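Peer 1: Sharing a structure with you now.
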Amino acid sequence: MHALINRCSLLVLSLMLLGFADGRVQAAELPDFKSIVRQNTPAVVKILVEFEPGNESYHSQIPEIPEYLRRFFEGQGGAPQQLPRQGMGSGFIISEDGYIVTNNHVVAGADQIIVRLTDRAEFEADIIGLDERSDLALLKVDADDLPAVKLGRPQELDVGEWVLAIGSPFGLDYSVTAGIVSAKGRSLPTESGENYVPFIQTDVAINPGNSGGPLFNLAGEVVGVNSQIFTRSGGSIGLSFAIPVSVVTNVVEQLRDTGRVTRGWLGVTIQDVDKVLAESLGLDRPKGALIVQLQPGGPADEGGLESGDVITRFDGKDILTSSELPHAVGLVRPDTEVKVELVRNGRNKTLRMAVGALEAGERASVAAVAPEADTGASLGLVVEEVTEQLQTRWGISGGVLVTEVVSESPADEAGVRSGDVITLLAGSPVTSVESFLRAVEDLEPGKSVPVRLIRRGAPLFLGLKPE
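Counting from 1, position 344 in the sequence shown corresponds to residue 1445 in our numbering; the numbering is continuous, with no gaps.
The following block contains the structure:
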């Protein structure tokens, strides 16, 4: 009996030792951030900014973004009006001669910018250039032989990969937090609809004061610039967003050379493709960016693109959703010829076209139009001619105005609304009630076709599937 107990005890002890050994193996496989922190912290800086009283730029320095997205700049907005307002953020040195990257919203409108290093040395910084669209800024201090970070390669960053942030959250200098990449290519359009940054989403704890700080991979390379958080309380809930290094490299190079940023531009309005639209457009599944409207004389118009085309690949990059097209276009240098793969009337087609230029102060004409959840199209409609006044107001020629949607009809269930103007049906231009009726007669029951309409002045494609 004692022998059996001893054998059982030895077995339990052996299993425990194996468990501890396995735990040590697992622990050994976890990342060691110490070397990354030692090597890169000297190149991370704290940025102190001051705004003079009455400087309206201070109040408008953070661009309009959805309420649930916060850019983490920490400012002391409660100071008396007659005293200078102060704020702070983070940044990092990219060259030994003193070039520093941070967020645009950290320094925009500042009257004085002080950069503080880990050894407490301070330098007054000059703004080389600002880019509000990417929320990036390039600064310069008068110093040499400074420690600098190494920029990584964006294509080598994978979802699930460990990443590390260094910054000054809530004024706590050079704090280090770590997490993983949750997703890549996140689309976070501004209130104006611009969408030029394919954000990196992470679960790294980011808070006010981290703004403009670097995001490192395990090789100690900068893969992003921390810029926004998803929050309802103002603090981190595990959803942070960083500007990818591909955008940083492009913007910094232009700011250093010219002090401003010029982006690629097509001159189109686009939307996503849903299941019904995919069927009507001859796609095997929902994908691509559907061109709803072209700016007359714009690069897309001149390059041979047409309304109703679905761009599935641009300059070698697959376009799965409409939000991915502005990301790809914005990184292309103006006047560069690119290959565009698309689907037109159910057939694959390849074009080569020159990308135009969108200057820093111009309004973007490449915009993603997200169809509402209840949009769709079918018959069961009462239509009439469009008045000249409405045509002038919306900049259209012809079309038919939907005056009534029959209750419980396919159109009603799909979400066609009274007041919509139909301009294209199954590839046939609709210029009058007569042309609309001819197009309806040619429809094949049960087969989806695309219909283009104008809703409150905005163009939109829907999938039409008559009974």
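We treat Cβ as the ideally placed atom computed from N, Cα and C, and that holds for glycine. These numbers come from a predicted model, not from an experiment.
#1: Tell me the DSSP bridge mates of Arg-1556?
#2: Would you please state the rounded distance, in angstroms, between the beta carbons of Asp-1236 and His-1206? I believe it to be under 8 Å.
#3: Could you spell out the range, first to last residue, of the alpha helix (DSSP H) harbouring Gly-1431?
#4: In terms of DSSP beta bridges, what is Val-1522 paired with?
#5: Please check the pair Val-1282 and Gly-1261, which I expect to be a contact at CB under 8 Å, by giving their CB distance rounded to whole angstroms.
#6: Mind checking whether Ala-1429 and Lys-1440 have CB atoms under 8 Å apart?
#7: Which residues mark the beginning and the end of the alpha helix (DSSP H) in which Asn-1141 is found?
#8: So, for Trp-1263: in the same chain, excluding its five sequence neighbours on each side, which residues have a beta-carbon less than 7 Å away from its beta-carbon?
#9: Can you tell me where the alpha helix (DSSP H) holding Ala-1401 begins and where it ends?
#10: For the ligand GTP, any of its heavy atoms closer than 7 Å to the Cβ of Leu-1525?
#11: Apply the 10 Å Cβ neighbour rule to Arg-1557 and answer buried if 16 or more other Cβ atoms are within range, or exposed otherwise.
#12: Do Asp-1521 and Leu-1554 have their C-beta atoms closer together than 8 Å?
#13: Quick one: what does DSSP say Lys-1566 is sitting in, helix, strand or coil?
#14: Since I believe Val-1146 is in contact with Ile-1195 (beta carbons under 8 Å), could you give me their beta-carbon distance rounded to a whole number of angstroms?
#15: May I ask you to list the residues that DSSP assigns as paired with Gln-1187?
#16: Out of Ala-1266, Pro-1427 and Gln-1302, point me to the one whose CA is closest to Ile-1137's CA.
#17: Going by alpha carbons, who is nearest to Glu-1403 out of Phe-1224, Glu-1485, Gly-1368 and Arg-1221?
#18: Please state the DSSP three-state secondary structure of Ser-1381.
#19: Could you tell me the distance, in whole angstroms, from the CA atom of Met-1189 to the CA atom of Phe-1342?
#20: DSSP three-state label for Lys-1388, please.
#21: Is it the case that the Cβ atoms of Glu-1438 and Thr-1363 are separated by a distance below 8 Å?
#22: Please state the DSSP three-state secondary structure of Gly-1050.
#23: Look at the alpha carbon of Pro-1270 and the alpha carbon of Asp-1220, and state the distance between them as a whole number of angstroms.
#24: If we ignore side chains and look at the alpha-carbon of each, how far apart do Gly-1286 and Ile-1148 end up?
#25: Rounded to whole angstroms, what's the CA-CA distance from Pro-1546 to Val-1377? Just pull it up for me.
#26: Which one or two residues does DSSP pair with Thr-1413 in a beta bridge?
#27: Can you look up Gly-1272 in the DSSP assignment and give me helix, strand or coil?
#28: Please tell me whether Thr-1203 and Leu-1240 are closer than 8 Å, where the distance is taken between their beta carbons.
#29: Alpha carbon to alpha carbon, how far is Arg-1448 from Gly-1383?
#30: Just grab the DSSP bridge partners of Leu-1258 for me.
#31: Tell me the residue span of the alpha helix (DSSP H) that contains Ala-1540.
#32: If Gly-1272 and Glu-1322 are in contact, beta carbons under 8 Å, what's the gap, nearest whole angstrom?
#33: Assuming Leu-1340 and Gln-1302 are in contact, meaning their beta carbons sit under 8 Å apart, how far apart are those beta carbons, in whole angstroms?
#34: So what does DSSP say about Thr-1359, is it helix, strand or coil?
#35: Taking DSSP as the reference, what is the three-state secondary structure of Ala-1144?
#36: In the DSSP assignment, the alpha helix (DSSP H) including Thr-1493 goes from what residue to what residue?
Peer 2: The relevant details are as follows:
#1: Taking the first residue of the sequence shown as position 1, residue 1556 is located at position 455. According to DSSP, Arg-1556 bridges with Ala-1559.
#2: As a first step, residue 1236 is located in the sequence shown; it is residue number 135 there, counting from the start. As a first step, residue 1206 is located in the sequence shown; it is residue number 105 there, counting from the start. Indeed, because the Cβ distance is near 6 Å, the residues count as touching under 8 Å.
#3: As a working mapping, residue 1431 is identified with position 330 in the sequence shown. Segment 1425 to 1431, the alpha helix (DSSP H) holding Gly-1431.
#4: The residue given as residue 1522 occupies position 421 in the sequence shown. Beta-bridge pairing links Val-1522 to Leu-1502 and Ile-1555.
#5: Counted from its first residue, the sequence shown places residue 1282 at position 181. Counted from its first residue, the sequence shown places residue 1261 at position 160. Confirmed, Cβ separation roughly 6 Å.
#6: Numbered from 1 along the sequence shown, position 328 holds the residue referred to as residue 1429. Numbered from 1 along the sequence shown, position 339 holds the residue referred to as residue 1440. In this structure, Lys-1440 does not lie closer than 8 Å to Ala-1429 by Cβ.
#7: Mapped onto the sequence shown, residue 1141 falls at position 40. Note, Asn-1141: alpha helix (DSSP H), 1135 to 1141.
#8: Residue numbering aside, residue 1263 sits at position 162 when the sequence shown is read from its first letter. If we look at Trp-1263 and ignore the five residues flanking it on each side, its Cβ neighbours are Pro-1132, Ala-1279, Ile-1281 and Leu-1319.
#9: To locate residue 1401, count along the sequence shown from 1; it is residue 300. Where Ala-1401 is concerned, the enclosing alpha helix (DSSP H) stretches over 1400 to 1403.
#10: Summarising the ligand content, the structure contains no ligands, and the ligand GTP is consequently not present.
#11: In the sequence shown, the residue the question calls residue 1557 occupies position 456. Exposed: under 16 other Cβ atoms inside 10 Å.
#12: As a first step, residue 1521 is located in the sequence shown; it is residue number 420 there, counting from the start. As a first step, residue 1554 is located in the sequence shown; it is residue number 453 there, counting from the start. Yes, the Cβ-Cβ distance between Asp-1521 and Leu-1554 is below 8 Å.
#13: Translated into positions along the sequence shown, residue 1566 becomes position 465. Coil.
#14: The count along the sequence shown starts at 1 and reaches residue 1195 at position 94. The count along the sequence shown starts at 1 and reaches residue 1146 at position 45. Not really, about 11 Å apart at Cβ, beyond 8 Å.
#15: The count along the sequence shown starts at 1 and reaches residue 1187 at position 86. Partner(s): Glu-1151.
#16: On the sequence shown, residue 1137 is found 36 positions in, with the first residue counted as 1. Nearest option by C-alpha distance: Ala-1266.
#17: The residue you call residue 1403 lines up with position 302 of the sequence shown. Minimum Cα distance to Glu-1403 is reached at Gly-1368.
#18: Position 280 of the sequence shown, counted from the first residue, corresponds to residue 1381. In this structure, Ser-1381 counts as helix in the three-state DSSP scheme.
#19: Along the sequence shown, read from residue 1 onward, the residue named residue 1189 stands at position 88. Along the sequence shown, read from residue 1 onward, the residue named residue 1342 stands at position 241. Between Met-1189 and Phe-1342, the C-alpha separation is close to 19 Å.
#20: Taking the sequence shown and counting its residues from 1, the one referred to as residue 1388 is at position 287. In the structure shown, Lys-1388 sits in coil (DSSP, three-state: anything other than H, G, I, E or B).
#21: By one-based count along the sequence shown, residue 1438 stands at place 337. By one-based count along the sequence shown, residue 1363 stands at place 262. The answer is no: Cβ separation not under 8 Å.
#22: Only positions 1102 to 1568 of the chain appear in this structure, which leaves residue 1050 out of reach.
#23: In the sequence shown, residue 1270 corresponds to position 169, counting from 1. In the sequence shown, residue 1220 corresponds to position 119, counting from 1. Their backbone Cα atoms lie some 18 Å apart in a straight line.
#24: Along the sequence shown, one-based indexing puts residue 1286 at 185. Along the sequence shown, one-based indexing puts residue 1148 at 47. Rounded to whole angstroms, Gly-1286 to Ile-1148 spans 28 Å at the Cα level.
#25: Here residue 1546 refers to the residue found at position 445 of the sequence shown. Here residue 1377 refers to the residue found at position 276 of the sequence shown. Near 14 Å, if we compare the C-alpha coordinates of Val-1377 and Pro-1546.
#26: Walking along the sequence shown from the start, residue 1413 turns up at place 312. The partner list for Thr-1413 (beta bridge, DSSP) is empty, contrary to what the question assumes.
#27: On the sequence shown, position 171 is the one that residue 1272 refers to. It is helical.
#28: Counting from 1 along the sequence shown, the entry for residue 1203 is found at position 102. Counting from 1 along the sequence shown, the entry for residue 1240 is found at position 139. Yes, the pair counts as a contact, with Cβ atoms nearer than the cut-off.
#29: Taking the first residue of the sequence shown as position 1, residue 1448 is located at position 347. Taking the first residue of the sequence shown as position 1, residue 1383 is located at position 282. Each residue's alpha carbon lies about 7 Å from the other.
#30: Here the question's residue 1258 lines up with position 157 in the sequence shown. In the DSSP output, where bridge partners are listed per residue, Leu-1258 has none listed.
#31: Position 439 of the sequence shown, counted from the first residue, corresponds to residue 1540. Start and end: 1534 to 1542.
#32: Reading the sequence shown from its first residue, position 171 is the one you call residue 1272. Reading the sequence shown from its first residue, position 221 is the one you call residue 1322. Not really, about 27 Å apart at Cβ, beyond 8 Å.
#33: In the sequence shown, the residue the question calls residue 1340 occupies position 239. In the sequence shown, the residue the question calls residue 1302 occupies position 201. That belief holds up - the Cβ atoms of Leu-1340 and Gln-1302 are roughly 7 Å apart, short of 8 Å.
#34: The count along the sequence shown starts at 1 and reaches residue 1359 at position 258. Correct three-state label for Thr-1359: helix.
#35: The residue you call residue 1144 lines up with position 43 of the sequence shown. Correct three-state label for Ala-1144: helix.
#36: To locate residue 1493, count along the sequence shown from 1; it is residue 392. Where Thr-1493 is concerned, the enclosing alpha helix (DSSP H) stretches over 1489 to 1495.
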